[in-house]
Amino acid sequence: MNSGPVDVLVAGGGGFIGGHLVADLLAQGKTVRSVDVKPIDEWYQVHPDAQNSVGDLSLLDQAEAATEGAREVYMLAADMGGMGFIENNKALCMLTVLTSTHMLQAAQKYDVERYFYSSSACVYAADKQTDPGVTALKESDAYPAMPEDGYGWEKLFSERMARHFREDFGLTTRMARYHNVYGPEGTWTGGREKAPAAVCRKIAEAVISGKHELEIWGDGEQTRSFMYIDDCVKGSQMILASDLEDPINLGSAELVSINQLYSIVEEIAGIKCERKYDLSAPQGVRGRNSDNTMINEVFGWEPSISLADGLAKTYAWVYDQVKRAQG
1 MNSGPVDVLV
11 AGGGGFIGGH
21 LVADLLAQGK
31 TVRSVDVKPI
41 DEWYQVHPDA
51 QNSVGDLSLL
61 DQAEAATEGA
71 REVYMLAADM
81 GGMGFIENNK
91 ALCMLTVLTS
101 THMLQAAQKY
111 DVERYFYSSS
121 ACVYAADKQT
131 DPGVTALKES
141 DAYPAMPEDG
151 YGWEKLFSER
161 MARHFREDFG
171 LTTRMARYHN
181 VYGPEGTWTG
191 GREKAPAAVC
201 RKIAEAVISG
211 KHELEIWGDG
221 EQTRSFMYID
231 DCVKGSQMIL
241 ASDLEDPINL
251 GSAELVSINQ
261 LYSIVEEIAG
271 IKCERKYDLS
281 APQGVRGRNS
291 DNTMINEVFG
301 WEPSISLADG
311 LAKTYAWVYD
321 QVKRAQG
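For the sequence shown, UniProt numbering begins at 1 and goes up steadily by one.
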């Protein structure tokens, strides 16, 4: 797995965010090691200029082998997916705590200079997310703790662990709470896809089939914000390089309902569909948005790629995947 010193290790480099991050780091001229549990032919992107390895980072020896010689670490590896996956696989989501723990231990052992942990908006207390017209979530809203069951608990616990590795062992840890990252080169089918990709797929299928009908989970009035992948990649690097020790939101503040999300993609595709609502399907919290006060104060920046612009790129990519899959 290990082929000498590198500037950066991306744990979970075969995933959606990891693939885009590796590309950006390589474009900056950095040496990158990309490690993922999936076989390389299942990676979302494979970059020949990186050291690409398959490894199970939930095992301490493999986490150590991946980390040795890396100056910086981005810990993106997690067993996760969209709301359908999270609600039905709580134990699997919790087991990611092994990866989160062993990667911190490996980083401490090999004196990694900086360690980035990708947390999630799922850490926020459920009682603050019961209204579609939600008050945007600020960082302090994670406590008193009542995160998303399974996935959110693992993320919140691992945030605390990263904090204590900094306090007790001097490991420089930085944490960002991602809010619904989307874009091309990600999961678009199979049950782990998130809402933007699922919406793009359903509408692409409607365009290709000519059958302008689709099913929406819930009543479509649940609200979210969605961050385009380029903003995520930029923000993650900015946060890792900073002096900010506390977890910070990394998400768009552009709040939309799921119904509005469908309407935006319909407009991009040039169709209108008849909507059927499945009220028994997983919906997650009623409303969630990112309060970007802290990121604006600390960095003078926030994710700003509009949902319409990001979805246009995402839809074009997903449409091509659907077309190719249908032969």
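Note that the Cβ used here is the ideal one computed from N, Cα and C, for glycine as well.
Sub-8 Å separation of residue i and residue j beta-carbons
i	j	result
GLY145	LEU137	The amino acid occupying residue 145 in the given sequence is Ala; Gly does not appear at that position. Contact flag unset, no.
ALA77	LEU57	yes
ALA50	VAL73	no
SER280	ASN249	no
VAL207	ALA308	no
VAL134	ARG288	yes
SER53	VAL35	yes
LEU244	ARG174	yes
GLY84	GLY183	no
VAL318	ALA195	no
GLU221	PRO132	yes
Rounded separation between residue i and residue j - CA only
i	j	result
ARG166	SER252	28 Å
ARG192	THR101	24 Å
GLU64	LYS234	27 Å
GLU213	SER263	13 Å
GLY327	ILE203	17 Å
GLY29	ALA126	42 Å
ILE40	GLU159	29 Å
PRO247	GLY18	20 Å
GLU42	CYS93	20 Å
MET103	GLY55	12 Å
LEU21	TRP301	19 Å
GLU254	GLN260	12 Å
VAL181	SER140	21 Å
LYS276	VAL256	19 Å
TYR115	ALA11	11 Å
GLU154	SER119	9 Å
ASP7	ALA70	6 Å
ALA107	LEU9	10 Å
VAL285	GLU185	26 Å
GLY15	SER236	15 Å
PHE169	TYR44	35 Å
MET294	ILE258	26 Å
TYR110	THR67	7 Å
ASP230	GLU274	32 Å
TYR211	ILE271	Here the sequence assigns Lys to residue 211, which means Tyr is not the residue at that position. Straight-line Cα distance between these residues: approximately 11 Å.
ASP219	ALA27	43 Å
PRO303	ILE239	13 Å
ILE305	CYS232	10 Å
residue 328	LEU171	Look at the range of the chain in this structure, 1 to 327, and you will see that residue 328 is not part of it.
VAL97	SER209	42 Å
ALA176	ASN296	14 Å
ALA312	VAL298	30 Å
Residue interval of the alpha helix (DSSP H) (run including residue i)
i	result
MET161	151 to 169
LYS202	195 to 209
TRP217	That residue, TRP217, is in no alpha helix (DSSP H); its beta strand (DSSP E) goes 213 to 217.
GLU64	60 to 67
TYR117	Unbroken run through TYR117 is the beta strand (DSSP E), 114 to 120; no alpha helix (DSSP H).
ASP309	307 to 325
ALA281	Looking at the DSSP string, ALA281 is not in any alpha helix (DSSP H), and its letter there is neither H nor E.
LEU26	16 to 27
residue 358	In the structure as shown, the chain begins at 1 and stops at 327. Residue 358 is therefore absent and cannot be evaluated.
Classification of residue i by the beta-carbon crowding that lies within 10 angstroms, buried from 16 upward
i	result
TYR143	exposed
THR99	buried
HIS179	buried
residue 369	There is simply no residue 369 to check, as the chain begins at 1 and stops at 327 in what is shown.
THR223	buried
ALA162	buried
GLU292	Note that residue 292 is Asn in the sequence shown, not Glu. Result: buried.
THR130	exposed
PRO48	exposed
PRO5	exposed
PRO225	The sequence as given places Ser at residue 225; Pro does not occur at that position. The residue in question, SER225, is buried, as its Cβ has 16 or more Cβ neighbours within 10 Å.
GLY152	buried
ALA241	exposed
Residue i - containing beta strand (DSSP E), residue span
i	result
THR223	223 to 225
THR173	173 to 178
residue 374	Since the first residue of the chain shown is 1 and the last is 327, residue 374 is not available in this structure.
GLN51	51 to 54
SER100	Premise fails: SER100 lies in the alpha helix (DSSP H), 90 to 109, not in any beta strand (DSSP E).
GLU275	Residue 275 is actually Arg in this sequence, not Glu. Its beta strand (DSSP E) spans residues 274 to 278.
TYR262	Careful: TYR262 lies outside any beta strand (DSSP E), inside the alpha helix (DSSP H) at 258 to 269.
MET75	70 to 75
ARG33	32 to 36
Whole-number beta carbon distance between residue j and residue i, since they are thought to touch under 8 Å
i	j	result
TYR228	VAL265	So it is not a contact: roughly 14 Å between Cβ atoms.
GLN321	TRP217	About 21 Å; that fails the 8 Å criterion.
GLU87	CYS122	Wrong, their Cβ atoms sit about 11 Å apart, outside the cutoff.
GLY13	LYS90	Not quite, the Cβ-Cβ distance comes to about 26 Å (not below 8 Å), so this is no contact.
GLN105	LEU60	6 Å
ASP278	GLU205	Not really, about 16 Å apart at Cβ, beyond 8 Å.
TYR117	MET75	5 Å
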